[in-house]
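2 protein chains.
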Amino acid sequence: MSTSNNPHAGKRRSLSIEGHRFLIVGGASLVGSASAELLLRQGAAEVTILDNFFQGSAENVEHLSGDKRLKTVRADVMRLAQLIEATRGVDGVLHLAAVMSLTMDRDPWMGLDVNIRGTQNVIEACCVNDVKKLVFASSTAVYGYGPGIVGDLVETMPFHSVGAPTAATLYGATKIVGEQLCRAAYAKRGLDYVALRYATVYGERQHYRAANALYIVETHDRVRAGLRPRVIGDGSETKHFVHVSDVARANAAAFAADASDVAVNISGPRPVTTLEIVRLVTALAGKDLQPEHIDPEAGKVRLTSGGPWQLDHSLAERVIGWRPEVDMRDGIARLIAWRDAAAK
Amino acid sequence: MSTSNNPHAGKRRSLSIEGHRFLIVGGASLVGSASAELLLRQGAAEVTILDNFFQGSAENVEHLSGDKRLKTVRADVMRLAQLIEATRGVDGVLHLAAVMSLTMDRDPWMGLDVNIRGTQNVIEACCVNDVKKLVFASSTAVYGYGPGIVGDLVETMPFHSVGAPTAATLYGATKIVGEQLCRAAYAKRGLDYVALRYATVYGERQHYRAANALYIVETHDRVRAGLRPRVIGDGSETKHFVHVSDVARANAAAFAADASDVAVNISGPRPVTTLEIVRLVTALAGKDLQPEHIDPEAGKVRLTSGGPWQLDHSLAERVIGWRPEVDMRDGIARLIAWRDAAAK
Chain U
622 MSTSNNPHAG
632 KRRSLSIEGH
642 RFLIVGGASL
652 VGSASAELLL
662 RQGAAEVTIL
672 DNFFQGSAEN
682 VEHLSGDKRL
692 KTVRADVMRL
702 AQLIEATRGV
712 DGVLHLAAVM
722 SLTMDRDPWM
732 GLDVNIRGTQ
742 NVIEACCVND
752 VKKLVFASST
762 AVYGYGPGIV
772 GDLVETMPFH
782 SVGAPTAATL
792 YGATKIVGEQ
802 LCRAAYAKRG
812 LDYVALRYAT
822 VYGERQHYRA
832 ANALYIVETH
842 DRVRAGLRPR
852 VIGDGSETKH
862 FVHVSDVARA
872 NAAAFAADAS
882 DVAVNISGPR
892 PVTTLEIVRL
902 VTALAGKDLQ
912 PEHIDPEAGK
922 VRLTSGGPWQ
932 LDHSLAERVI
942 GWRPEVDMRD
952 GIARLIAWRD
962 AAAK
Chain R
622 MSTSNNPHAG
632 KRRSLSIEGH
642 RFLIVGGASL
652 VGSASAELLL
662 RQGAAEVTIL
672 DNFFQGSAEN
682 VEHLSGDKRL
692 KTVRADVMRL
702 AQLIEATRGV
712 DGVLHLAAVM
722 SLTMDRDPWM
732 GLDVNIRGTQ
742 NVIEACCVND
752 VKKLVFASST
762 AVYGYGPGIV
772 GDLVETMPFH
782 SVGAPTAATL
792 YGATKIVGEQ
802 LCRAAYAKRG
812 LDYVALRYAT
822 VYGERQHYRA
832 ANALYIVETH
842 DRVRAGLRPR
852 VIGDGSETKH
862 FVHVSDVARA
872 NAAAFAADAS
882 DVAVNISGPR
892 PVTTLEIVRL
902 VTALAGKDLQ
912 PEHIDPEAGK
922 VRLTSGGPWQ
932 LDHSLAERVI
942 GWRPEVDMRD
952 GIARLIAWRD
962 AAAK
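These protein sequence lines are chains U and R, in that order.
Each residue of the first sequence is one higher than the last, beginning at 622 in my numbering.
Each residue of the second sequence is one higher than the last, beginning at 622 in my numbering.
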């Protein structure tokens with residue numbers, strides 16, 4: 622492409638955190654709260670949390686309320702005018718607002734609206750107000766689910782949907798659409814962006830909306846009530862998680878890196894099986910309870926795969942200089958400590 | 622699933638054409654006009670063409686206007702109320718309304734609206750009015766584009782997007798979403814459907830909106846003006862077409878077959894290369910012109926693949942009892958004859 626056609630000519634592709642203003646769309650969330658905390662710690666001039674508080678909650682960012690650089694705006698990704706207002710003067714936007722497979726299953730109409738129209742609106746607002754960089758929360762769901770998912774998931778892996786639940790395929794398709802809308806905005810309107818394909822995020826302020834994270838929180842709910850934990854089937858199914866603090870670091874790294882127009886995997890140090898998760902949660906909760914193996918429940922959304930797999934994150938290391946630091950033993954210990962403290 | 626939970630209990634999955642009422646959404650089109658003609662010939666009690674005439678044209682169905690069973694409704698897939706009105710008393714709905722990659726490239730916002738929200742609206746209207754069967758026009762685009770596309774494309778093939786244009790990936794994603802919305806409506810609301818994954822459709826009443834069909838019509842435009850036809854690159858790129866009369870037969874077969882909740886490929890007898898297409902069009906136009914090989918134009922949407930491939934249609938034969946009848950020599954001859962007649 623010639624320089625005259627290049628909307629990026631002369632632009633920097635890195636956005637340092639210090640002294641800059643950030644907006645986190647869908648920020649009153651698991652990932653949003655940890656990211657806001659980190660951006661403030663790294664010297665951001667201002668961090669604004671935008672949320673409609675449908676899924677997010679004010680409690681998630683309460684621990685940051687003492688910081689005068691933190692602002693909160695009640696707004697909705699379905700309302701473009703609110704996003705245009707909220708992005709005025711902002712340097713970097715982190716777009717997290719989305720519904721996941723469980724909500725998509727209950728209401729695909731709303732799910733498609735929030736994930737697709739919401740992302741169109743965020744991109745439009747970024748372009749209108751010359752936001753310097755967008756970090757888009759994509760997902761490992763862009764590789765799909767079902768028996769086709771096996772081996773190393775690298776960024777060139779195609780999307781598998783045969784044998785996958787409708788809601789999971791719809792969710793994955795919305796993330797594919799989101800990434801392509803970013804690509805189109807980069808090519809045609811000069812918007813720099815990095816898409817991060819998160820593995821299943823877990824950690825402090827964990828909610829019940831992510832199908833895979835239920836393996837952690839539902840196990841913890843049972844064992845702390847003295848009940849035997851449950852494992853679906855033989856427990857050999859692979860899952861790959863990433864701790865929320867590592868995701869927050871990846872978001873900050875994506876802004877700061879000299880990278881644009883790229884999508885990279887963000888995953889924890891190594892994958893686990895569902896049986897390992899259940900045993901780990903039980904042990905870290907200080908319980909001596911043997912898991913019981915149960916049949917999958919009909920009608921429940923389960924994100925299955927075809928055998929051992931892992932979400933390879935080596936491209937993220939090369940492109941944004943990031944790698945995970947928190948292994949699951951530490952991460953689950955932190956999650957349990959937070960839940961124990963919250964229960965008091 | 623127990624019978625009590627099965628919304629399909631006791632329902633027939635086949636819908637014979639004779640004596641039944643059909644609605645073709647996006648019907649004033651290449652595929653719509655041929656399908657309306659065939660449904661009328663097979664004894665349909667009524668065929669209603671619904672179109673907003675943004676892409677479709679009244680000319681496309683003018684040849685059927687003498688038949689009192691044909692009705693035309695000006696309405697828009699973005700207006701649910703109009704679809705609910707139009708599906709009242711209808712037995713079968715053929716949903717064709719969509720924008721393709723070239724339009725998606727110019728305006729992804731509109732493209733996502735029409736292809737996703739439009740399909741949501743059509744499905745909603747079908748469920749509200751207890752339509753017996755929906756035939757959804759999906760596309761080979763659900764397998765994607767780029768170097769991953771090679772070999773036999775069977776219905777279990779995943780979606781490839783690496784190396785593909787943004788607009789083509791967005792278009793493919795909208796068809797994946799459409800199929801999954803049909804699946805969800807089948808499972809939760811009892812709507813019987815068949816999704817047909819059309820190869821590139823060509824034939825009488827050909828338009829300029831399909832990137833691959835341009836290989837036919839742009840070649841014909843040049844050679845009938847006495848200009849040498851153009852081939853992009855060495856012309857070895859594989860394309861797979863299907864004649865519009867075969868697509869119309871597939872649509873009717875999908876209604877009549879005892880099949881539901883399935884997606885099948887609809888393609889012509891065999892694939893061709895772009896050089897073969899150009900030579901065939903030139904010869905059938907009665908011209909003795911040698912093709913010139915040109916470089917791909919920057920910025921133009923091209924639907925590339927990784928090597929020889931074909932869209933396997935054997936599942937369609939097993940499931941809806943259909944196979945293609947028109948080879949490309951006959952099909953292009955019919956297309957050229959129609960263009961010559963239209964030019965007079």
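Every residue gets a Cβ at the ideal spot worked out from N, C-alpha and C, and that includes glycine.
- Of the residues U/Ser782, U/Ile770, U/Val756 and U/Gly824, the one whose Cα lies closest to the Cα of U/Gly799 is U/Val756.
- Boundaries of the alpha helix (DSSP H) around R/Asn681: Glu680 to Glu683.
- Taking CB atoms only, R/Trp730 has a neighbour in chain U less than 8 Å away.
- Not one beta carbon of chain R lies nearer than 8 Å to the beta carbon of U/Arg690.
- The C-alpha of R/Asp688 is placed about 11 Å away from the C-alpha of R/Ala665.
- Per DSSP, reduced to three states, the secondary structure at U/Leu817 is strand.
- DSSP, read as helix, strand or coil, puts U/Phe674 in coil.
- Residues of chain R with a Cβ closer than 7 Å to the Cβ of U/Pro917 do not exist, since the nearest Cβ in that chain sits about 13 Å away.
- Per DSSP, reduced to three states, the secondary structure at R/Trp730 is helical.
- Per DSSP, the beta bridge partners of R/Ala758 are R/Leu817.
- Residues of the same chain with their beta carbon placed closer than 6 Å to that of R/Gly854 are lacking, with the five preceding and five following residues left out of the count.
- For U/Arg804, the closest Cβ of chain R is nearer than 8 Å.
- Identification of residues in the segment 722-752 of chain U having a C-beta nearer than 9 Å to some C-beta of chain R yields Asp726, Pro729, Trp730, Leu733, Asp734, Ile737, Arg738, Gln741 and Glu745, given in sequence order.
- Within chain U, no C-beta atom comes less than 7 Å from the C-beta of R/His641; the nearest is roughly 28 Å away.
- U/Leu671 is a Cβ neighbour of U/Gly648, given a cutoff of 8 Å.
- Each residue's CA atom was taken as its position, placing R/Val752 and R/Gln703 some 15 Å apart.
- Shown here for U/Ile744: same chain residues with a beta carbon closer than 6 Å to its own, the five before and five after excluded, namely Leu802 and Ala806 in chain order.
- The three-state reading of DSSP puts R/Ile645 in strand, counting E and B together.
- For U/His716, the closest of U/Thr724, U/Thr740 and U/Phe876 by C-alpha to C-alpha distance is U/Thr740.
- When secondary structure is reduced to three states using DSSP, U/Ser722 falls in the helix class.
- Against chain U, the beta carbon of R/Ile797 has neighbours under 9 Å at Phe780, Ser782, Thr790, Leu791, Gly793, Ala794 and Ile797, listed in chain order.
- Taking 8 Å as the cut-off between beta carbons, the residues of the segment 758-775 of chain U near chain R are Gly765 and Gly769, in sequence order.
- Looking from the CA of U/Glu776, the closest CA among U/Asn673, U/Asn742 and U/Tyr764 belongs to U/Tyr764.
- Between R/Tyr829 and R/Leu956 a beta carbon distance of about 13 Å is seen, past the 8 Å cut, so the two are scored as non-contacting.
- Look at the segment 670-688 of chain R: it has no residue with a C-beta under 9 Å from a C-beta of chain U.
- Between U/Thr925 and chain R, the shortest Cβ-Cβ separation is not below 8 Å.
- The criterion of a C-beta distance shorter than 8 Å is satisfied by U/Lys754 and U/Leu636.
- For R/Arg851, the uninterrupted beta strand (DSSP E) segment begins and ends at Arg851 to Ile853.
- Under the criterion of beta carbons closer than 8 Å, U/His914 and U/Val852 qualify as touching, at roughly 5 Å.
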